[in-house]
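Q: Numbering (our numbering), first residue to last: 48 to 627.
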């Protein structure tokens, strides 16, 4: 529809090249990851880039500067910014800036008579007394199509306590293989609705809250984004849920229960999966078939909601207890909650106290719990050489913070928990004053270190984190890399990069005049875009690249020297004849 360009941005990450179009009806359409703008919009942007001598710009044209008519081309789709492949990222926002489902506008180009696809369900325990087939564990289940065309889970589930249902599903449309989002989800238990959510409008400032609408941990580990079919603790801002006393939680009572999960797309195509669950008999209080072993007992642990899960192998007796050493000095003991395949599981409610360590049959594991942090309250956790500041709005749910120091670093846990706002971490490493300017925080995921930055105050470095993990303090004294790929009167192309802190900025000039260099951080390529395409490049060429630690690299050349430089002619060499 007709309108005008109300905003246009160029950035190396994020949306890349993006255009916002304001329409007379109050809606704004957004076109992101563009390869390039139309000539008229491109000229407008380029003039302002040259005026500011900046590649990255955020411009707000007036209503009369860049008007658009219906059907006018505003750019070409592409792969700019944080994009995994060429495509058009399209949004519609209302006059409040809220994201609106584009399918509401029934674009004639989109035809959809296909039902959504339910790939999997996952059930999870929501309390320490909950069990799924006898275990305190998340269970993924895959629907099967029956002879009558219905979709069901293959087996009846045995369960106890309170469960949550997660859904992995997507929508399809005619003539495309894209996996689109769903419009609404509904859950019934024994004919009674226990959960309903629908995505029609979403305030952009609440988009981070989608991390608690979905299974954030599973998404990080596998890339599969399951939606919660219940309202998670701390998820109090999203208005997509229908009020329900059950809040989507499936409470298992005696007997057999029929559960249905139905999903719709914006064209009201529907898919339903049905499964059955019955209350299981209470498990025995102690293991009944444990094979004892002389091998040293091994322990591993994790945290789920308020529950510490401790798994032990090679126990010495069927009644071996886990002894917890609490920060208060108390030493409570627990029998195994259940046994599975000669492995015993102990469950500890962290609200009863934070254990420093736990010991089973002579084997001790250090847990490192420091403090229970609750939402809505500012708090501080500290140790020798480190400190964590938590704002009152940072947490969605109770956090049982663990911390262990490393050489010039800190490991914070549990991992895989999203935050509403960043936590501030401060570390005071043993470091000479001369190195601080080029020393920063990096996060380490097991194979790759990523620059976090930070700000120095005396001998303390402070930086913000959006999730917990391992944080290292590193000094980067290596300059960035520059490789000239093309240089002629019409175009300049470089490959730039940095092995540690990453490229922060670059500046190119020809004959001492600033030259616009477009940047694709995914490939490390920068390439020139002239202010006046009719004027050839001439004079000294200079490129300065600076990394995030302040190291610099410079490239200098002159257009009077061809690139690549001509090589001296090789002498012809006659091939020797083979002797017969």
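We put the beta carbon where it would ideally sit given N, CA and C, even for glycine.
Assuming residue 327 and residue 169 are in contact, meaning their beta carbons sit under 8 Å apart, how far apart are those beta carbons, in whole angstroms?
A: As a position in the chain shown, residue 327 is number 280, starting the count at 1. As a position in the chain shown, residue 169 is number 122, starting the count at 1. At roughly 19 Å, the Cβ-Cβ gap does not stay under 8 Å, so residue 327 and residue 169 are not in contact.
Q: Quick check for students: name the residue ranges of the beta strand (DSSP E) that lie wholly in the region 159 to 196, counting only runs of 3 or more.
A: With a minimum length of 3 residues, the continuous beta strand (DSSP E) runs that stay inside the region 159 to 196 are 164 to 172 and 186 to 188.
Q: Do you know how far the Cα of residue 518 is from the Cα of residue 222?
A: Within the chain shown, residue 222 is the residue found at index 175, counting from 1. Within the chain shown, residue 518 is the residue found at index 471, counting from 1. Cα-Cα distance, rounded: 46 Å.
Q: Buried or exposed for residue 66, going by 16 or more other Cβ atoms inside 10 Å?
A: Within the chain shown, residue 66 is the residue found at index 19, counting from 1. With 16 or more Cβ atoms within 10 Å of its Cβ, residue 66 is classed as buried.
Q: Does the structure place the region 550 to 567 close enough to the region 503 to 516 that three or more beta carbon pairs sit under 8 Å?
A: Touching, no.
Q: Going by CA-CA distance only, name the one from 229, 246 and 210 that's closest to residue 325.
A: Taking the first residue of the chain shown as 1, we reach residue 325 at position 278. It is 210 whose Cα lies nearest to the Cα of residue 325.
Q: Given a threshold of 16 other Cβ atoms within 10 Å of its Cβ, counted over all protein chains shown, does residue 64 qualify as buried or as exposed?
A: Here residue 64 refers to the residue found at position 17 of the chain shown. Buried, since its Cβ has 16 or more Cβ neighbours within 10 Å.
Q: Can you grab the Cα-Cα spacing for the pair residue 111 / residue 351, in whole Å?
A: For the purposes of this step, residue 111 is taken as residue 64 along the chain shown, with counting starting at 1. For the purposes of this step, residue 351 is taken as residue 304 along the chain shown, with counting starting at 1. The straight-line gap from Cα to Cα measures roughly 56 Å.
Q: For my contact list, residue 49 and residue 115 are in at a C-beta cut-off of 8 Å; report their separation, rounded to the angstrom.
A: Within the chain shown, numbered from 1, the residue matching residue 49 stands at position 2. Within the chain shown, numbered from 1, the residue matching residue 115 stands at position 68. Indeed, because the Cβ distance is near 6 Å, the residues count as touching under 8 Å.
Q: How many angstroms separate the CA atom of residue 542 from the CA atom of residue 527?
A: As a working note, residue 542 is residue 495 in the chain shown. As a working note, residue 527 is residue 480 in the chain shown. Between residue 542 and residue 527, the C-alpha separation is close to 11 Å.
Q: Return helix, strand or coil for residue 592, following the three-state DSSP convention.
A: Numbered from 1 along the chain shown, position 545 holds the residue referred to as residue 592. The answer is strand: DSSP assigns residue 592 an E or B state.
Q: Give the secondary structure of residue 600 by DSSP, where H, G and I count as helix, E and B as strand, and everything else as coil.
A: The residue labelled residue 600 in the question sits at position 553 within the chain shown. Looking at residue 600 - three-state DSSP - the assignment turns out to be strand.
Q: Are the beta-carbon atoms of residue 414 and residue 449 separated by less than 9 Å?
A: The residue you call residue 414 lines up with position 367 of the chain shown. The residue you call residue 449 lines up with position 402 of the chain shown. Yes. Within cutoff.
Q: Tell me which same chain residues have a C-beta within less than 6 Å of the C-beta of residue 530, skipping the five on either side of it?
A: Along the chain shown, read from residue 1 onward, the residue named residue 530 stands at position 483. Taken in chain order, the residues that qualify are 542.
Q: Please state whether DSSP places residue 259 in a helix, a strand or coil.
A: One-based indexing of the chain shown puts residue 259 at position 212. DSSP places residue 259 in helix when its eight states are reduced to three.
Q: Which residue's Cα is closest to the Cα of residue 103: 602, 554, 232 and 452?
A: Your numbering for residue 103 matches position 56 in the chain shown. Looking at the Cα atoms, 554 is the closest of the given residues.
Q: From residue 53 to residue 440, what distance separates their C-alpha atoms?
A: Taking the first residue of the chain shown as 1, we reach residue 53 at position 6. Taking the first residue of the chain shown as 1, we reach residue 440 at position 393. Cα-Cα distance, rounded: 32 Å.
Q: Three Cβ pairs or more, each shorter than 8 Å: is that satisfied between the region 228 to 243 and the region 346 to 362?
A: The answer is no - the region 346 to 362 does not touch the region 228 to 243, with fewer than three Cβ pairs under 8 Å.
Q: Under 8 Å by Cβ, that's how I've got residue 523 and residue 547 pegged, so tell me the actual separation to the nearest angstrom.
A: Your numbering for residue 523 matches position 476 in the chain shown. Your numbering for residue 547 matches position 500 in the chain shown. Their Cβ separation, rounded to whole angstroms, is 4 Å, which keeps residue 523 and residue 547 in contact under 8 Å.
Q: Looking at residue 256: is its Cβ nearer than 9 Å to the Cβ of residue 272?
A: In the chain shown, counting from the first residue as 1, residue 256 sits at position 209. In the chain shown, counting from the first residue as 1, residue 272 sits at position 225. Taking 9 Å as the Cβ cut-off, residue 256 and residue 272 do not qualify as a contacting pair.
Q: Taking only the alpha-carbon atoms, compute the straight-line gap between residue 94 and residue 279 and give it to the nearest angstrom.
A: Counted from its first residue, the chain shown places residue 94 at position 47. Counted from its first residue, the chain shown places residue 279 at position 232. Looking at the two C-alpha atoms, the distance is approximately 49 Å.
Q: For residue 92, does the three-state DSSP call read helix, strand or coil?
A: Mapped onto the chain shown, residue 92 falls at position 45. Residue state, collapsed to three classes: helix.
Q: Using only the alpha-carbon positions, how far apart do residue 303 and residue 358 sit?
A: To locate residue 303, count along the chain shown from 1; it is residue 256. To locate residue 358, count along the chain shown from 1; it is residue 311. Each residue's alpha carbon lies about 30 Å from the other.
Q: Can you tell me the Cα-Cα spacing of residue 76 and residue 135, whole angstroms?
A: Position 29 of the chain shown, counting from 1, holds the residue named residue 76. Position 88 of the chain shown, counting from 1, holds the residue named residue 135. Cα-Cα distance, rounded: 12 Å.
Q: Just tell me which of 473, 284, 314 and 203 has its CA closest to the CA of residue 629.
A: Residue 629 falls outside the range modelled here, since the chain spans only 48 to 627, and no answer is possible.
Q: What is the rounded straight-line gap between the Cα of residue 250 and the Cα of residue 73?
A: For this step, residue 250 is matched to residue 203 along the chain shown. For this step, residue 73 is matched to residue 26 along the chain shown. The alpha-carbon atoms of residue 250 and residue 73 are separated by roughly 16 Å.
Q: So, does the region 171 to 188 touch the region 287 to 295, judging by three or more C-beta pairs under 8 Å?
A: Output reads no: the region 287 to 295 does not touch the region 171 to 188.
Q: Do we get a CB-CB distance below 9 Å when we pair residue 340 with the residues of chain C?
A: Given the protein chain composition of this structure (a single chain), no chain C is represented.
Q: DSSP state of residue 98, grouped into three classes?
A: The residue labelled residue 98 in the question sits at position 51 within the chain shown. If DSSP states are grouped into helix, strand and coil, residue 98 belongs with the helices.
Q: Start and end of the beta strand (DSSP E) containing residue 237?
A: As a working note, residue 237 is residue 190 in the chain shown. It is not in any beta strand (DSSP E) - residue 237 carries neither H nor E in the DSSP assignment.
Q: Answer with buried or exposed for residue 105, where buried requires no fewer than 16 other C-beta atoms within 10 angstroms of its C-beta.
A: As a working mapping, residue 105 is identified with position 58 in the chain shown. Classification for residue 105: exposed.
Q: What number of angstroms, rounded off, separates the C-alpha of residue 61 from the C-alpha of residue 408?
A: Along the chain shown, read from residue 1 onward, the residue named residue 61 stands at position 14. Along the chain shown, read from residue 1 onward, the residue named residue 408 stands at position 361. Answer to the nearest angstrom: the Cα atoms are 52 Å apart.
Q: Looking at C-alpha atoms only, which residue of 81, 560, 573 and 318 is the closest neighbour of residue 552?
A: Along the chain shown, one-based indexing puts residue 552 at 505. When only C-alpha atoms are compared, the closest one is 573.
Q: What would DSSP say about residue 314, mapped onto helix, strand or coil?
A: Start at 1 with the first residue of the chain shown, and residue 314 comes out as number 267. Three-state result, residue 314: coil.
Q: Please classify residue 253: does DSSP put it in a helix, a strand, or coil?
A: Counting from 1 along the chain shown, the entry for residue 253 is found at position 206. In the structure shown, residue 253 sits in a helix (DSSP, three-state: H, G or I).
Q: For residue 348 versus residue 163, is the C-beta distance shorter than 9 Å?
A: Along the chain shown, read from residue 1 onward, the residue named residue 348 stands at position 301. Along the chain shown, read from residue 1 onward, the residue named residue 163 stands at position 116. Not a contact, by the Cβ cut-off of 9 Å.
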